[in-house]
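So the structure is just underneath, and the comments pick up after that.
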Amino acid sequence: MPELPEVEVVRRGLERWVAGRTVAAVEVHHPRAVRRHLEGAEHFVAALTGRTVTAAHRRGKYLWLPLAEADGAPAGRALVAHLGMSGQLLVEKPSQPDEVHLRARFTFTDGGRELRFVDQRTFGGLAVEECAGGGGVGEDVAERIPQRLAHIAIDPLDPSFDEAGFTAALRRRRTEVKRALLDQTLVGGVGNIYADESLWRARLHGARPTDKLTRAQVADLLDGVRSVLGEALAQGGTSFDSLYVDVNGQSGYFSRFLAVYGQEDRPCPRCGTPVVRESFTNRSSYSCPTCQPRPRIRRS
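Heads up: the sequence shown begins at 1 in UniProt numbering, then just goes up one per residue.
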């Protein structure tokens with residue numbers, strides 16, 4: 001599943017290639033691509049045709065593109081996209097052959113490159129949704145966020161991230177620290193890959209109880225999250241196959257720098273101990289047993 005760096009790379013591409021352009025036509029090639037748009041495919045097409053995409057924003061793993069009317073007035077709605085496991089938003093020349101798993105196409109009045117939504121497994125989706133603040137002039141971006149995204153917490157790379165508030169909220173939880181990192185209502189954008197990498201950097205096992213963490217440990221964890229997300233973003237994200245690409249179809253290269261995720265039995269880059277894999281819900285967790293000792297079970 002694409003996480004913050006991969007989605008942010010796509011957002012930057014959309015900001016460059018799509019923002020400021022007016023939609024001329026929309027084609028929906030598969031109904032599952034717009035299943036989250038409850039009014040149906042025809043309404044989805046009508047809601048976008050003739051509207052101008054004014055910007056490209058991200059909250060956690062979601063993208064949203066605010067829309068404006070033909071006269072430039074904010075429409076109070078936005079195109080919301082979630083990539084799911086295999087979704088791609090690609091900017092292509094109109095002459096480029098259609099992809100095998102093309103699900104939707106957006107053309108623009110300037111006749112330039114078109115936007116295509118490609119999704120092999122059809123777990124991703126698009127929808128046009130109302131924005132909570134209506135998109136009025138002078139409103140903050142946070143006030144214009146689509147309602148579906150309002151519950152998602154700000155991510156640690158956002159300048160407005162409340163570190164003290166996060167620390168207090170995390171230490172109030174009675175759960176394991178990795179589960180807390182994956183809770184999008186607590187901190188946005190962190191998924192399985194970057195949770196494991198951040199915990200390794202902070203020398204914390206994912207099963208460590210959150211209510212037993214010191215403020216210093218939480219600070220180390222946040223430093224780990226920020227550093228790994230920033231480095232992954234600089235490398236274009238983490239691509240294990242051709243499904244995770246930017247708007248130009250280019251893969252990210254952070255997989256070459258992963259310390260523990262997917263590195264079972266390989267030496268820990270810090271101490272040389274073989275990395276171990278443990279079952280975690282329906283996924284896997286990777287850690288170094290020396291750098292990240294599993295917490296002891298307290299007995300009554």
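Each residue gets a CB set at the ideal place from its N, CA and C atoms; glycine is no exception. On a predicted model such as this, the values are computed, not experimentally measured, just so you know.
Alpha-carbon spacing of residue i relative to residue j, whole angstroms
i	j	result
Tyr62	Val80	7 Å
Ala41	Gln147	20 Å
Val128	Val276	43 Å
Leu102	Gln88	9 Å
Ser284	Arg226	22 Å
Arg266	Gln96	42 Å
Asn282	Pro159	33 Å
Ala47	Leu38	12 Å
Leu222	Thr109	44 Å
Glu264	Ala169	32 Å
Gly224	Ala68	39 Å
Pro31	Pro74	28 Å
Arg270	Gly206	18 Å
Leu258	Ala24	42 Å
Residue i - DSSP class collapsed to helix/strand/coil
i	result
Pro5	helix
Gln217	helix
Leu157	coil
Ser287	strand
Val18	coil
Arg256	helix
Ser279	strand
Glu99	coil
Phe108	strand
residue 327	An answer regarding residue 327 cannot be provided, because it is not within the stretch 1 to 300 covered by the chain.
Asp241	In this prediction, Asp241 has a pLDDT of 48, which is less than 50 and means its spatial position is unreliable; what the coordinates show is noted afterwards. Asp241 falls in the coil class under three-state DSSP.
Thr49	coil
Gly31	Looking at the sequence provided, one finds Pro at residue 31 rather than Gly. Helix at Pro31.
8 Å Cβ cutoff met for residue i and residue j
i	j	result
Arg21	Thr52	yes
Gly188	Arg36	no
Phe117	Ala33	yes
Contact belief for residue i with residue j at Cβ below 8 Å, rounded distance in angstroms
i	j	result
Val91	Trp200	Not a contact, Cβ separation roughly 35 Å.
Ala164	Ile145	Contact flag wrong, Cβ pair sits at about 23 Å.
Pro66	Thr54	5 Å
Val9	Gly236	5 Å
Ser198	Val228	5 Å
Gly84	Phe44	So it is not a contact: roughly 17 Å between Cβ atoms.
Leu213	Val260	In fact, because the Cβ distance is near 20 Å, the residues do not count as touching under 8 Å.
Extent of the continuous alpha helix (DSSP H) to which residue i belongs
i	result
Glu114	Careful: Glu114 lies outside any alpha helix (DSSP H), inside the beta strand (DSSP E) at Glu114 to Asp119.
Val177	Val177 to Leu181
N-terminal and C-terminal residue of the beta strand (DSSP E) that residue i is part of
i	result
His151	Unbroken run through His151: none, as it is neither H nor E.
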